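Right, one structure below, let's go through it.
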Amino acid sequence: MNYIFPNLKAHSQNSDKLTSSIYSLIDKLKKHRILSETELCFILDNISLKEIPYLYKASFVVKEKYYQNRVYLRGIIEISNYCKQGCFYCGINSQNQKIERYRLSQSEILAACRIGYDLGYRTFVIQGGEDTYYTDQLMVEIIKEIKVKCADVAITLSLGEKSKESYQKLFDAGADRYLLRHEAASRRLYETIHPKYMFYDTRRECLSNLKEIGYQVGAGFMVGLPTQTNDDLVEDLLYVKSLEPHMVGIGPYLCHEDTPLRGSKSGTLQETLVMVALTRLLLPKVLLPSTTALGSLDPMGREMALEAGANVLMPNISPTENRILYEIYPDKICITDTSGQCRNCIENRIIARGHVVDLSRGDHFDIEKKLKS
Ligand code: SAH
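Taken in order, the sequence shown gives residues 39 to 411; the numbers are from the working numbering.
See the structure below:
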């Protein structure tokens, strides 16, 4: 059962009066970059397909002001599907006995980076389950070696929760950015989708530690989770507004049958895009990925996200034979492609919609300005 966006259905027809109230709130948000909790909730409770083009246009215009029609590319390497955590939604959680586990060696990770570098990528995202095989020492070595062999790249890590000391070591070794979605800003919802040994406060503390250390930080959340309400989603919006991360990853929740949440309903494309667009209006300069989960939900999902204010795409550069095993959610796209095929496919999709590929490091607007000056 989904409790979010009651009017976001094909047959919902808002009255003109309701439509103009929603338009006024979108205008106000665009101008002031903030709305009250009640106003944000009003949008989520009432928005229908009729108001969607207006919202996406507003978000797109704000994105254009800072990033024009550029789309940044990051090559993502999924290094391991071993995980000590037990997130109820995630297909690689430690309880899932049905999947074959894999991890990439240091040389395999370096080889994937080499391929990515030759394809033109200047950011690598190193993502994985929380796999204790990769000690701080090993990660430090990997980061340093990448930085020697591919000197002008930015390294983004997405390896889950660690102590502040570990984050510091990896930063000192040369990691530039860290993606750690907060998953759900509502304490009730966070606790509903995680086991008792995973703590809401720890996740938040990790994010503030990462910021303090000096990483460019990515938070983020899923849309359409079981029991999620519009109030919960408003909490996500207000949390990212207050944290002011450099990136926000927003994707639909996609039900995986080999998890404790089996049998639940998944989030939808439009629900997710509305959250992407509202996030852009709240944080005009933020980097917003058009997530692979959106492309998995709808063949045109990622292109639609670009039109709703997203400006980053993450083509896969993992070895093709491992991709199928990194099944955090079902029906993931691009799992049989080579890295070169992903590169071409993504570029064609970007150009077809009137955007251009930007192969620079793709830093946040403020950081790029600082680096240039
Ligand atoms: N271990 C890392 C990487 C997790 S995978 C970490 O903890 O950050 C990256 C993201 O995929 C997660 O943060 C989560 O938001 C998303 N994800 C996991 N399972 C999902 C599912 N079933 N549907 C949609 N997104 C999912």
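The beta carbon of each residue, even a glycine, is placed where N, CA and C say it ideally should be.
Computed from a prediction, not measured in an experiment: that's the story for all the values here.
- Residue side-chain check: Cys128 places its Cβ nearer than 6 Å to a non-hydrogen atom of ligand 1.
- Shown here, Ala192 sits in a strand according to DSSP, grouped into three states.
- Counting along the chain, the unbroken alpha helix (DSSP H) around Ile251 starts and ends at Tyr238 to Ile251.
- In the same chain as Ala390, and ignoring 5 residues on each side of it, the C-beta atoms closer than 8 Å to its own belong to Glu341, in chain order.
- The three-state secondary structure of Gln266, taken from DSSP, is coil.
- Taken in chain order, the unbroken stretches of alpha helix (DSSP H) that lie wholly in the region 146 to 201 and span 4 residues or more are 174 to 187.
- DSSP places Asp369 outside both helix and strand once states are collapsed to three, so it counts as coil.
- As the crow flies, the alpha-carbon of Lys69 is around 41 Å from that of Cys151.
- Put simply, the backbone Cα of Leu321 is about 38 Å away from that of Glu359.
- Contact between the region 278 to 293 and the region 85 to 101 is absent: fewer than 3 CB-CB pairs across the two stretches fall below 8 Å.
- When DSSP states are grouped into helix, strand and coil, Leu325 belongs to the strand group.
- Counting only residues of its own chain and dropping the five nearest sequence neighbours on each side, Lys207 has a CB closer than 7 Å to the CB of Asp174 and Val178.
- Annotation: the continuous alpha helix (DSSP H) that includes Ile384 extends over Ser377 to Ala390.
- When the beta-carbon positions are compared, Val286 and Thr317 come within less than 7 Å of each other.
- Shown here for Ile231: same chain residues with a beta carbon closer than 8 Å to its own, the five before and five after excluded, namely Cys125, Phe126, Tyr127, Glu221, Ala222, Leu263, Pro264 and Leu299 in chain order.
- The region 102 to 114 makes contact with the region 151 to 169: 3 or more CB pairs, one atom from each, lie closer than 8 Å.
- If you draw a 10 Å sphere on the C-beta of Leu325, you find 16 or more other C-beta atoms in it, and that means buried.
- Asp269 and Cys293 have their alpha carbons spaced roughly 22 Å apart.
- Here DSSP, grouped into helix, strand and coil, assigns Pro290 to strand.
- The Cβ atoms of Phe43 and Glu309 sit closer than 7 Å to each other.
- In the DSSP assignment, Ser74 falls outside any beta strand (DSSP E), carrying neither H nor E.
- Annotation: the region 74 to 122 contains the following complete segments of the alpha helix (DSSP H) (minimum length 4 residues), in chain order: 75 to 84 and 90 to 105.
- Of the residues assessed, Thr240 falls on the exposed side of the cut-off, its CB having fewer than 16 other CB atoms within 10 angstroms.
- In this structure, the alpha-carbon of Glu168 lies about 47 Å from that of Ser58.
- Of the heavy atoms belonging to ligand 1, none sits nearer than 6 Å to the Cβ of His284.
- Around the beta carbon of Gln165, 16 or more other beta carbons lie within 10 angstroms, which makes this residue buried.
- Between Ile180 and Ala213, the C-beta spacing is not below 7 Å.
- Under DSSP, Tyr364 shares a beta bridge with no residue.
- Judged by beta-carbon spacing, Ile114 lies within the 7 Å limit of Met352, meaning their Cβ atoms are closer than that value.
- Leu197 and Ser302 have their C-alpha atoms some 26 Å from each other.
- Taking all protein chains shown into account, Phe237 has fewer than 16 neighbouring C-beta atoms within 10 Å of its C-beta and is therefore exposed.
- When DSSP states are grouped into helix, strand and coil, Leu332 belongs to the helix group.
- The three-state reading of DSSP puts Asp401 in coil, since its state is none of H, G, I, E or B.
- Secondary structure at Tyr216: strand, using DSSP grouped into helix, strand and coil.
- Around the Cβ of Asn386, a 10 Å sphere holds fewer than 16 other Cβ atoms; the residue is exposed.
- When secondary structure is reduced to three states using DSSP, Asp396 falls in the strand class.
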